[in-house]
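Each residue of the sequence shown is one higher than the last, beginning at 266 in the working numbering. Just so it is clear, CB atoms sit at the ideal spot from N, CA and C, and this is done for glycine as well. Data first, discussion second: the structure below is written as structure tokens.
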Amino acid sequence: MNNYIITLILFCSLLLQACDKYDNNHIETNDVEGGFQSQDEGKPYSEANNSALSKATKLIQEEKYVDAIKIYGEIIDQSPNEYAAYHGLGTAYFYLNDFALAKSNYEKAISLNSKLSYSYAGLGVLAKESENYTEAIHHYSTAISINKKFALAYYGRASTYEDINEYNRAANDYNEVIKLAPNSSLSQKAKQKLVAIKNLTSQSTRTW
266 MNNYIITLIL
276 FCSLLLQACD
286 KYDNNHIETN
296 DVEGGFQSQD
306 EGKPYSEANN
316 SALSKATKLI
326 QEEKYVDAIK
336 IYGEIIDQSP
346 NEYAAYHGLG
356 TAYFYLNDFA
366 LAKSNYEKAI
376 SLNSKLSYSY
386 AGLGVLAKES
396 ENYTEAIHHY
406 STAISINKKF
416 ALAYYGRAST
426 YEDINEYNRA
436 ANDYNEVIKL
446 APNSSLSQKA
456 KQKLVAIKNL
466 TSQSTRTW
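Below, the structure is given as structure tokens:
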């Protein structure tokens, strides 16, 4: 497996945790491997950065965020256009609860590669955490427009729709998650969400 794909899988786990932070049953990495990459994802700007990116990813997995940030900075010093490093910085700063730096680094990654659906999803997570729901929906929708098989972006958008009581739209997105990842723990979570939505709405308003 390309080492950088591990970074994408790690971020997808982060996305679910942020969207559903009070639920301790998080998605397993094998549930999201494959099926979520857009055309230019799964590879860094420079293949020469693979080893350093893999090392930084391992540090994030070990919760050594400051050490990971140092390595990402070194990568950027050598390769200023390395969008993968900027995305990694965004993820590291997210874990450190520095949402401003997380946002600026996700935005920088996107400025270097506009097809980074996972960076748009990161912006969606940040906006949702700040209760900027319209902005969150916009970012998740952009991620989905880049990659229509991005199940976690559908999940994030569905969760945001729930927050603003747009239950029909939330249900539609949860159903899309189930369709895209039928055998995953994410699908099971989406099914649970659908049951909860149905319990909140009357029979006459259901359209799913």
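Presumed contact (8 angstroms Cβ cut-off) between Tyr-337 and Ala-321, rounded CB distance: Approximately 5 angstroms separates the beta-carbon atoms of Tyr-337 and Ala-321; this is inside 8 angstroms, confirming the contact.
Segments of 3+ residues assigned as beta strand (DSSP E) that fall wholly inside the region 364-411: Counting only runs of at least 3 residues, the region 364-411 fully encloses no beta strand (DSSP E) element at all.
Boundaries of the alpha helix (DSSP H) in which Phe-359 is found, first to last residue: Judged by DSSP secondary structure, Phe-359 falls within the alpha helix (DSSP H) whose first and last residues are 348-360.
Backbone secondary structure at Val-460 - three-state DSSP: For Val-460, the three-state secondary structure derived from DSSP is helix.
Residues of its chain near Ser-406, where Cβ-Cβ distance is below 7 angstroms and the 5 sequence neighbours each way are ignored: Within the same chain, Ser-406 has close Cβ partners Arg-422.
Spatial neighbours of Ile-462 in its chain, beta-carbon cut-off 8 angstroms, leaving aside the 5 residues before and after: For Ile-462, where only same-chain residues beyond five positions count, the Cβ hits under 8 angstroms are Glu-427, Tyr-432, Ala-435, Ala-436, Tyr-439.
Per-residue DSSP class, three states only, for Asn-440: The answer is helix: DSSP assigns Asn-440 an H, G or I state.
Validate contact between the region 346-354 and the region 374-382 using beta carbons, cut 8 angstroms, 3 pairs: Enough Cβ pairs lie closer than 8 angstroms, so yes.
C-beta contact flag for Ala-374 and Tyr-358 at 8 angstroms: It is not a contact, given that the beta carbons lie outside the stated cut-off.
8 angstroms contact criterion, which Ala-408 and Gly-389 should meet: CB distance rounded: That pair is a contact at about 7 angstroms.
Ala-365 burial status per 10 Å Cβ neighbour count (16 or more: buried): When all chains shown are included, Ala-365 counts as exposed.
Ile-340, DSSP secondary structure in three states: Look at Ile-340 here: in three-state DSSP terms it is helix.
Cβ shell of Asp-441 (< 6 angstroms), same chain only, five flanking positions each side left out: Contrary to the premise, residue 441 reads as Glu rather than Asp in this sequence. Correct list, in chain order: Tyr-419.
Asn-448 - DSSP class collapsed to helix/strand/coil: In the structure shown, Asn-448 sits in coil (DSSP, three-state: anything other than H, G, I, E or B).
Glu-312 (DSSP reduced to helix, strand or coil): For Glu-312, the secondary structure class from DSSP, reduced to helix, strand or coil, is helix.
Glu-345 versus Leu-324, Asp-363, Ser-376, Ile-443, residue with shortest Cα-Cα distance: Before going on, a small fix: residue 345 reads as Pro here, not Glu. Of the candidates Leu-324, Asp-363, Ser-376, Ile-443, the residue whose Cα lies closest to the Cα of Pro-345 is Ser-376.
C-alpha distance - Tyr-385 paired with Glu-394, whole-angstrom precision: Spanning the two alpha carbons is a distance of roughly 14 angstroms.
Sub-8 angstroms separation of Ile-402 and Thr-425 beta-carbons: Yes. Within cutoff.
Exposure of Ala-313, with buried meaning 16 or more beta-carbon neighbours within 10 Å: Flag for Ala-313 reads exposed.
Span of the alpha helix (DSSP H), counted from its first residue to its last, around Thr-425: 416-428 is the extent of the alpha helix (DSSP H) around Thr-425.
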